[in-house]
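In this note's numbering, the protein residues as written are 4 to 278.
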């Protein structure tokens with residue numbers, strides 16, 4: 004049975020202890036021949052973020068990460084990646100890079116529109132007790148896979164999604180492939196400066212320690228006890244950002260906390276720009 008497969012996204016993410024976003028302005032990017040004058044039209048260059056976008060790509064840089072997305076219809080993605088990101092990285096030899104990841108996303112639409120049938124055939128083990136009482140047509144299945152591959156940690160997150168298209172919802176199976184590699188010299192702990200949370204900016208950088216354990220990575224704050232976990236450094240830092248914001252919003256509800264938590268509340272209110 005031939006299913007419809009769409010290649011919907013490809014990008015590279017590079018993590019650093021800190022990118023010097025201040026120097027990455029349009030003049031510097033043009034002078035060093037990273038981007039053309041046309042590509043820099045409409046670019047955003049602020050102290051906390053750099054955005055450059057064209058028909059072929061989108062570059063997004065914040066102090067702790069760089070993301071470069073390539074139009075899936077662009078025919079020579081390798082050449083574009085080497086000329087833009089390769090050229091940029093060569094000009095930043097003292098930047099403390101810690102990790103990099105390649106990401107590819109596909110959407111699979113069942114030819115018979117039956118997502119239950121497709122996801123069940125791929126991910127359901129009928130003999131396992133975990134799948135008992137899941138016989139209804141509205142049940143959907145997915146999977147997560149991970150292995151060492153070609154010097155990277157390969158991960159595949161497969162799950163059914165629903166997308167609104169032309170006033171109706173369309174079910175697809177999303178396949179998100181990730182190839183992640185650590186760029187540190189060893190597996191000892193790494194300290195980074197966190198400048199942004201999920202939706203909030205910080206008045207000054209927050210020190211975060213990233214450590215590897217038997218099951219992945221842990222990112223923890225230095226100033227108070229909070230941590231996030233993930234299969235790689237990127238996931239761990241993202242999880243910590245979520246935990247910090249969640250704690251912040253919880254503490255704002257009232258003052259019925261212990262002295263320790265009230266001190267953390269004061270610290271976060273002074274740290275987080277609430278706008």
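We put the CB at the ideal spot given by N, CA and C, even for glycine. All of these numbers come straight from a predicted model, not from anything done at the bench.
DSSP state of residue i, grouped into three classes?
i	result
residue 215	strand
residue 143	coil
residue 160	strand
residue 10	strand
residue 196	strand
residue 150	strand
residue 137	coil
residue 259	coil
residue 249	helix
residue 266	helix
residue 234	coil
residue 277	coil
residue 241	helix
residue 209	strand
Can you tell me where the alpha helix (DSSP H) holding residue i begins and where it ends?
i	result
residue 29	29-34
residue 92	90-93
residue 227	Here residue 227 belongs to no alpha helix (DSSP H), and DSSP marks it neither H nor E.
residue 80	80-84
residue 43	Segment: none, residue 43 is in no alpha helix (DSSP H) and carries neither H nor E.
residue 121	118-126
Between which two residues does the beta strand (DSSP E) holding residue i run?
i	result
residue 181	171-185
residue 54	53-56
residue 65	60-65
residue 69	68-73
residue 100	100-112
Applying the criterion that 16 or more other CB atoms from any shown protein chain within 10 Å of the CB defines a buried residue, is residue i buried or exposed?
i	result
residue 79	exposed
residue 206	exposed
residue 129	exposed
residue 47	exposed
residue 185	buried
residue 169	exposed
residue 193	buried
residue 138	exposed
residue 67	buried
residue 235	buried
residue 276	exposed
residue 41	exposed
residue 148	exposed
residue 38	buried
residue 64	buried
residue 119	buried
residue 211	buried
residue 269	exposed
residue 131	exposed
residue 53	buried
Would the beta-carbon of residue i fall within 7 Å of that of residue j?
i	j	result
residue 220	residue 239	yes
residue 108	residue 12	yes
residue 163	residue 143	yes
residue 49	residue 33	no
residue 74	residue 59	yes
residue 56	residue 16	no
residue 182	residue 157	yes
residue 6	residue 166	no
residue 18	residue 237	yes
residue 72	residue 14	yes
Should residue i be counted as a contact of the ligand ADP given a C-beta to heavy atom distance under 6 Å?
i	result
residue 252	This structure simply doesn't include the ligand ADP, nor any ligand for that matter.
Is it true that the segment 19-36 meets the segment 91-103, where meeting means three or more beta-carbon pairs spaced less than 8 Å apart?
yes
Is it the case that the segment 241-258 contacts the segment 197-217, given that we only count it when at least three CB pairs across the two stretches are under 8 Å?
yes
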